[in-house]
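11 is the number that the numbering used here gives to position 17 of the sequence shown; each next residue is one higher, with no gaps. Just so it is clear, CB atoms sit at the ideal spot from N, CA and C, and this is done for glycine as well. Beneath this line is the structure, given in structure tokens, with notes to follow.
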Amino acid sequence: QIIHRDEVWLLEDMASQNGVYLRIADEFMLEDGDEIIMGQQHFIFHQHPTIVVQKPSGQADARVMGSPAPHHLPHLLHVLDRGLLGGLYPLRTKTVIGRMNAHVICPDDLHLDEQHAMVLERDGTYYLQDNHSSFGAFLRVRQPIELFSGDCFLLGRTRLHIFYA
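In structure tokens form, the structure reads like this:
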């Protein structure tokens, strides 16, 4: 719903299953669990590890070969249709997402620019920044958020723009 309260317009998700996503206008600070849509791609930002490898029974002290030493690994989780895992991408100081020439590449998504957006790390805080892409980068609305004239948001596959004087 869109609400006019105290001289501002607010966008609120009414606990929908698929969510409401607001296009970011500039750099946006990410929080653990933030959901991102770019083109046809769906990502979830995780500040802390989310994948746990089960060790074989009776081997509680054994380390799984090839696994990283346990520590803080911020990452993007790439979610495919029906909730399938498309990839897990550890984040660098600057992680570029796009169709080509990027750290996270989705070559078949024609709605993504070559270098569509990036996740930047500064002092342990991560930010999503759109690279002036054609179709934008969108974050799922968790709580009512102020709308400004010209803002764009997604409801399912429908893009809506709000304009007011």
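What three-state label does DSSP hand residue i in the structure shown?
| i | result |
| --- | --- |
| R151 | coil |
| E118 | Looking at the sequence itself, residue 118 is Gly, so the reference to Glu does not match. If DSSP states are grouped into helix, strand and coil, G118 belongs with coil. |
| D124 | strand |
| R86 | coil |
| G81 | strand |
| M8 | coil |
Leaving out five residues on either side along the sequence, give the residues of the same chain with a beta carbon under 7 Å from the beta carbon of residue i.
| i | result |
| --- | --- |
| G150 | N12 |
| T119 | M23 |
| Q(-5) | E6, M8 |
Taking 8 Å as the limit between beta carbons, can you name the residues of its chain near residue i, skipping five residues before and five after?
| i | result |
| --- | --- |
| S143 | I156, F157, Y158, A159 |
| H40 | D26, G27, P68, H69, L70, L71 |
Locate the beta strand (DSSP E) running through residue i, then write down its first and last residues.
| i | result |
| --- | --- |
| M94 | From DSSP, M94 is part of no beta strand (DSSP E); its letter is neither H nor E. |
| Q35 | 35 to 40 |
| L133 | 131 to 134 |
| Y158 | It is not in any beta strand (DSSP E) - Y158 carries neither H nor E in the DSSP assignment. |
| H110 | Unbroken run through H110: none, as it is neither H nor E. |
| I18 | That residue, I18, is in no beta strand (DSSP E); it is neither H nor E in DSSP. |
| R(-1) | -4 to -1 |
| M32 | 29 to 32 |
| E140 | 139 to 141 |
| L4 | 2 to 5 |
| L70 | 69 to 73 |
Can the beta-carbon of residue i be found closer than 9 Å to that of residue j?
| i | j | result |
| --- | --- | --- |
| L85 | V113 | yes |
| H42 | D26 | yes |
| C160 | L67 | Outside the shown range of the chain (-5 to 159) lies residue 160, about which nothing can therefore be said. |
| H105 | V73 | no |
| I31 | A131 | yes |
Could you check whether the Cβ of residue i sits closer than 8 Å to any heavy atom belonging to the ligand FAD?
| i | result |
| --- | --- |
| E29 | Summarising the ligand content, the structure contains no ligands, and the ligand FAD is consequently not present. |
What does a CB cutoff of less than 6 Å around residue i pick up in its chain, not counting 5 residues either side in sequence?
| i | result |
| --- | --- |
| S127 | D107, H110 |
| Y83 | H69, L70, V98 |
| I160 | This structure leaves residue 160 out entirely; the chain is present only between -5 and 159. |
| I91 | V98, H110, A111 |
| L141 | W3, L5, I156 |
Using a Cβ distance threshold of 8 Å, determine whether the stretch 122 to 131 contacts the stretch 98 to 114, with at least three qualifying pairs required.
yes
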